[in-house]
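Residue 175 is where the sequence shown starts when you use the numbering used here, and the numbers rise one by one after that.
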Amino acid sequence: MPGRFTAREVRTANFPGGLREKLREKLQILSQQEQQRKRQEAAEAKKRAQLAAAAERRRKQQEALEARKKAKAAALLAQQEQQRKRQEAAEARKRAQLAAAAERRRKQQEALEARKRAKAAALLAQQEQLRKRQEAAEARRQAALLPQQQAATKNQAKLARKQAKKARKRGNPSRKQAKKIKKARGKARRG
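So, in structure tokens, the structure goes:
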């Protein structure tokens with residue numbers, strides 16, 4: 175049978191009639207089929223390699239795309255974080271400025287109130303000094319008038335005694351005159 179002979183056996187063996195030619199043709203067909211199978215396998219291997227390479231390229235492209243997306247997202251986040259920090263810093267500066275302005279206003283108000291209190295205290299002290307000077311002047315005036323008042327009181331008492339004496343001499347004085355005498359005596363006693 176042709177399948178039982180190798181190519182060398184076919185070339186070297188002595189076969190009767192046209193059997194050698196038939197075997198040679200069969201071997202050639204088998205060789206062609208083997209070559210076709212190898213070419214097909216090579217083509218399939220090449221196709222698989224191309225598909226694998228294409229898949230690898232797509233995978234790398236996808237990875238690169240995702241990496242770019244991640245980098246872009248990270249840059250956006252960093253930008254947002256910087257913006258947030260700048261905004262917080264601006265707000266902190268604004269709060270500090272407002273607090274400083276409020277503190278300045280508070281100190282100005284305290285200084286104004288202190289000046290008002292000092293002015294009021296100075297005015298009160300001035301009024302108190304004026305009152306004391308007036309009291310001292312009044313005391314000096316009263317002291318200066320005292321001898322005159324005492325003299326006038328003595329004169330009034332003397333006059334009252336004289337009038338009482340005259341009234342006693344005249345007899346029973348009227349009720350009105352007695353009241354005057356009593357009043358004069360009391361005034362003289364009080365001095």
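No residue lacks a Cβ here, since even glycine has one placed at the ideal position from N, Cα and C.
As the structure is a computational prediction, the values presented were derived from the model and not from experiment.
Could you tell me if residue i is buried or exposed, where buried requires 16 or more neighbouring beta carbons within 10 angstroms of its beta carbon?
i, result
"Leu297", "exposed"
"Leu197", "buried"
"Ala285", "exposed"
"Ala310", "exposed"
"Ala223", "exposed"
"Met175", "Residue placement at Met175 is poorly supported in this model, since its pLDDT is 44, which falls under 50; the coordinates still yield a value, given next. With fewer than 16 other Cβ atoms within 10 Å, it is exposed."
"Ala274", "exposed"
"Ala248", "exposed"
"Ala294", "exposed"
"Ala370", "Because the chain in this structure spans residues 175 to 365, residue 370 falls outside the shown range and cannot be described."
Give the secondary structure of residue i by DSSP, where H, G and I count as helix, E and B as strand, and everything else as coil.
i, result
"Lys357", "helix"
"Met175", "Residue confidence for Met175 is low, a pLDDT of 44 falling below 50, so the modelled location carries little weight; the figure read from the coordinates is stated next. Residue state, collapsed to three classes: coil."
Please look up how many angstroms separate the CB atoms of residue i and residue j, rounded, as I've assumed it's under 8 Å.
i, j, result
"Ala362", "Thr327", "6 Å"
"Ile355", "Gln337", "6 Å"
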